[in-house]
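*Asks:* One structure is given below, represented as structure tokens, and several questions about it will come after.
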Amino acid sequence: MIKFQNVSKCYGHTAILKNISFDIKQGEFVVLIGPSGCGKTTTLKTINRLIEPDNGKIFIDGKDITKANPVELRRTIGYVIQQIGLFPNMTVEQNISIVPKLLKYPKQKCQEIVQDLLALVDMPYEENAHKYPTELSGGQQQRIGVLRALAASPPIILMDEPFGALDPITRDSLQEEIKRIQKKLKKTIVFVTHDMDEALRLADTIIFMNNGKIVQMASPEEMLQNPADSIIKSFLGKHMDNGNGVPKLFAEDFMKTKVFKVPRTSRTLECIKLMSSKDVNSLVVLNDDDTYLGTVSIEDIKALGKPGKEIAELVTNDVITVSRKEGAQIAFDKLLSSKSNYVIVLNDNQTVAGLITRTSMAKALGEALWGEVL
Amino acid sequence: MSGALLEGILEHMAIVSIAVLISSVLGIIMGIIAYWVRFLDSVILWVSEVLQTIPSLALLALLMIIFGLGDITMIVGLVLYALLPIVSNTYTGLKNVSPHLKDAARGMGMSKMQRLFKVEIPLSFPLIFSGIKIALVNSLSVAVMGVLIGANGLGTIIYRGIQSRNMMNILMGAIPVVIMALVFDFGMSKIEKKLIKRTK
Ligand SMILES: Nc1ncnc2c1ncn2[C@@H]1O[C@H](COP(=O)(O)OP(=O)(O)OP(=O)(O)O)[C@@H](O)[C@H]1O
Ligand SMILES: [Mg+2]
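Structure representation (structure tokens):
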């Protein structure tokens, strides 16, 4: 889908990209990682011709991109930047529909696109479409940044540290969203980061760069098992056990961050409604300060609950909790020995980070053994 | 008398508005060219700066040689004189639009024109507007000199007052100039504040 052939770029006498070659397949999620200044952004920007290489060729779908009109080329490639880059003079709707409008889609179609996309990230159209970017939180702004890149359904999306400026919790949920969107819409994504956690979590293939060269291009599992260079090892850091090559994994690496939570003051009926609409049979209950209180199951509500009662009365503490930095093995042991079929993962401040279910554990083990399983 | 005053005010306003309108169009275009064509920026800014350092009386005298006596000369003089704040604010505004936004606009496939009209001008408009405000307020007082080159406006009333040593007349010509300047400054500053809100 995207092919780099001996691409080089110099600024003055400094070589920034040195003879880079690689292939990216259709539908692949590729993460470019490496130390600051190694040329990640430069590589990314050569793909949409914001930067022209001095030497070498880049092909998209077999076509040399220098043969295409750069303005038209860019309309077929989504682009998300770290600074979000929403236009402050335009509403959410106007921002999202920029490329569709450049491509002269009819008005009706543009509006449909905006509606569909906002629904994709659970931001209702009526509530959000006419807001200006400053009226949104950082996480919401970057969601819109991502949607804007998706608007004209480009097959390729370039993302330059899109989640770098976000807090860890927002970043987690956006990572999950982008992965889900990528699978659902079958996009080819080239994603720049300097966060190895993010790379391991998102990538089908990681390209590790240093000093304008590719040090290693491999799947996350392979990179963990056979890092090609000491600099990669230092990036893998906590994921490695002292040099014996066995990756060290933590509870947080396997957890699902999509957890259905309710405040302790919710009523029994609301909880039942939520459970049936989300198709789950228990909920996590939070204290007023968002810390973890306990869980409540549908059986308990049915057996003991009275309509209109606060849910706090029915909360139990049977479910085991682990901290997100707990070793994966310990978390698994706890899960296997517990009555319930999941364990809760807590942040250091006792708020809920996610949960590990038997299914997510099995999937993680399967991935460790056989690579990505769906 | 009040008929003459009203006429003076209207003529004054007309001359200044026409001049500032022309100057805005010219100034914004020059600002855009300076922004687009790298090697022209210093030339364009230099020219508009030099124009403003010429004493207004000398500039008007020079123009009188070319255009003769009358309103046209005054308008041309005001246009030249008002150019600097508009050109330099346009140039600075366009130049200072956040590079990330320019990058995003380019990366999304906007052409140079589309970037200018959809992103760069809207985002620098508060500064451009403030340049126009400065030009307008300055021009209101410079236009008083029109009387010396045979143009109409409030200058005529002031000049007549000076000649007949009639303080009343001088004030009657001068006070409307001051009031107009204050009103425009106040009103346009308010609008400017509103405009800034949508560009941050
Ligand atoms: N226009 C330019 N002129 C000169 N040098 C440049 C220019 N753009 C980038 N560089 C240099 O090229 C090198 C690579 O830059 P690039 O932005 O690709 O790095 P990066 O890997 O994205 O780094 P970071 O993680 O800090 O974003 C850097 O050393 C940078 O200073
Ligand atoms: Mg970068």
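Protein sequences, first through last, are from chains A and B. Sequential numbering from 194 applies to the first sequence in this note's numbering. Sequential numbering from 40 applies to the second sequence in this note's numbering. Glycine is no exception: its CB is placed at the ideal position from the N, C-alpha and C atoms. From a predicted model like this one, the values you see are computed outputs, not experimental measurements.
1. Could you check how far apart the C-beta atoms of residue 486 of chain A and residue 478 of chain A are, in whole angstroms? I think they sit under 8 Å.
2. Leaving out the 5 sequence neighbours to the left and right, which residues in its chain are closer than 6 Å to residue 382 of chain A when beta-carbon positions are compared?
3. Mind pulling the chain A residues with CB within less than 8 Å of residue 145 of chain B?
4. According to DSSP, what are the bridge partners of residue 487 of chain A?
5. List, in chain order, every chain A residue whose beta-carbon is nearer than 9 Å to that of residue 150 of chain B.
6. Identify whether residue 201 of chain A lies in helix, strand or coil by the three-state DSSP scheme.
7. Quick check for students: name the residue ranges of the beta strand (DSSP E) that lie wholly in the region 269–305 of chain A, counting only runs of 3 or more.
8. Report yes or no: do three or more beta-carbon pairs, one from the region 100–120 of chain B and one from the region 183–196 of chain B, lie closer than 8 Å?
9. Is it right to say residue 202 of chain A is buried, meaning 16 or more other beta carbons lie within 10 angstroms of its own, or is it exposed?
10. Taking Cβ-Cβ distances below 7 Å as the criterion, which residues of the region 194–206 of chain A are in contact with chain B?
11. Please work out which residues of its chain come closer than 8 Å, Cβ to Cβ, to residue 223 of chain B, disregarding the five sequence neighbours upstream and downstream, and give them in chain order.
12. What first and last residue would you give for the alpha helix (DSSP H) that runs through residue 447 of chain A?
13. Using only the alpha-carbon positions, how far apart do residue 93 of chain B and residue 55 of chain B sit?
14. Secondary structure at residue 436 of chain A, three-state DSSP: helix, strand or coil?
15. Who are the Cβ neighbours of residue 435 of chain A in its own chain at under 6 Å, not counting the five residues just before and after it?
16. In this structure, does DSSP put residue 216 of chain A in helix, strand or coil?
17. Name, please, each residue of chain B whose Cβ falls closer than 8 Å to the Cβ of residue 327 of chain A.
18. Looking at residue 325 of chain A: is its Cβ nearer than 8 Å to the Cβ of residue 284 of chain A?
19. Is residue 204 of chain A a contact residue of ligand 1, with contact defined as CB to any heavy atom under 7 Å?
20. Kindly say whether residue 272 of chain A, judged by its beta-carbon, lies nearer than 8 Å to any beta-carbon of chain B.
21. Beta-carbon of residue 436 of chain A versus every beta-carbon of chain B: anything under 8 Å?
22. Which residue wins for smallest C-alpha separation from residue 227 of chain A, given the options A:239, A:409, A:205, A:300?
23. Could you give the residue range of the alpha helix (DSSP H) that holds residue 103 of chain B?
24. Can you check DSSP and say which residues form a bridge with residue 516 of chain A?
25. Give me the residue from A:225, A:257, A:207 with the minimum Cα distance to residue 194 of chain A.
26. Quick one: which chain B residues come within Cβ less than 9 Å of residue 540 of chain A?
27. Exposed or buried, residue 159 of chain B, counting other C-beta atoms within 10 Å across all chains shown (16 or more means buried)?
28. Please determine, among A:386, A:365, A:465, A:380, the residue with the shortest C-alpha to C-alpha distance to residue 447 of chain A.
29. Under the criterion of a Cβ to heavy atom distance below 7 Å, does residue 232 of chain A qualify as lining ligand 1?
30. Reducing DSSP to helix, strand and coil, say where residue 563 of chain A ends up.
31. Show which residues of chain A have a CB atom less than 9 Å away from the CB atom of residue 101 of chain B.
32. Going straight from the alpha carbon of residue 77 of chain B to that of residue 70 of chain B, what length do you get?
33. By alpha-carbon positions, which one of A:337, A:322, A:353, A:313 ends up nearest to residue 232 of chain A?
34. What residues match up with residue 135 of chain A in a beta bridge as DSSP calls it?
35. Among A:492, A:456, A:271, whose alpha-carbon lies nearest the alpha-carbon of residue 469 of chain A?
*Replies:* Checking against the coordinates, here is how it stands:
1. With a Cβ gap of about 5 Å, residue 486 of chain A and residue 478 of chain A count as contacting.
2. Correct list, in chain order: 222, 350, 375.
3. 243, 267, listed in chain order.
4. In DSSP, residue 487 of chain A forms a bridge with A:478.
5. Residues of chain A passing the Cβ test: 264, 295.
6. Strand at residue 201 of chain A.
7. Segments of the beta strand (DSSP E) lying fully in the region 269–305 of chain A: 270–273.
8. Contact between the region 100–120 of chain B and the region 183–196 of chain B is present, because at least three Cβ pairs lie under 8 Å.
9. Classified as buried, residue 202 of chain A has 16 or more neighbouring CB atoms from the shown chains inside 10 Å of its CB.
10. Result list empty, no residue passes.
11. The answer, listed in chain order, is 172, 175, 176, 179.
12. For residue 447 of chain A, the enclosing alpha helix (DSSP H) covers residues 444–447.
13. For the pair residue 93 of chain B and residue 55 of chain B, the Cα-to-Cα distance works out to about 19 Å.
14. Unreliable placement is indicated for residue 436 of chain A, whose pLDDT of 48 sits below 50; no coordinate value is reported for it.
15. Residue placement at residue 435 of chain A is flagged as unreliable, the pLDDT there being 48, under the threshold of 50; the coordinate-derived value follows with that caveat. Once the five neighbours on either side are set aside, residue 435 of chain A has no close Cβ partner at all.
16. DSSP, reduced to helix, strand and coil, places residue 216 of chain A within a strand of the structure shown.
17. Those within 8 Å of residue 327 of chain A in chain B are 239.
18. Contact: yes.
19. Yes.
20. Residue 272 of chain A counts as touching chain B.
21. Confidence is the limiting factor: at residue 436 of chain A the pLDDT is only 48, short of 50, which leaves the residue's position unreliable and the question unanswerable from this model.
22. Nearest C-alpha to residue 227 of chain A: A:409.
23. That run of the alpha helix (DSSP H) goes 95–106.
24. In the DSSP output, where bridge partners are listed per residue, residue 516 of chain A has A:539.
25. Closest option to residue 194 of chain A, Cα to Cα, is A:257.
26. Correct list: empty, because the minimum Cβ distance to chain B is about 31 Å.
27. Counting every other CB atom within 10 Å of its CB across the protein chains shown gives residue 159 of chain B a total of 16 or more, marking it as buried.
28. Comparing Cα-Cα distances from residue 447 of chain A to each of A:386, A:365, A:465, A:380, the minimum goes to A:365.
29. Closer than 7 Å to some heavy atom of ligand 1: that describes the Cβ of residue 232 of chain A.
30. In this structure, DSSP gives residue 563 of chain A a helical state, which the three-state scheme calls helix.
31. Simply none; closest approach about 42 Å.
32. Straight through space, the alpha carbons of residue 70 of chain B and residue 77 of chain B are spaced by roughly 11 Å.
33. That would be A:353, whose Cα lies nearest to the Cα of residue 232 of chain A.
34. Because residue 135 of chain A is not part of the residues shown, which for chain A are 194 to 567, the question remains open.
35. Scanning A:492, A:456, A:271 for the CA closest to the CA of residue 469 of chain A turns up A:492.
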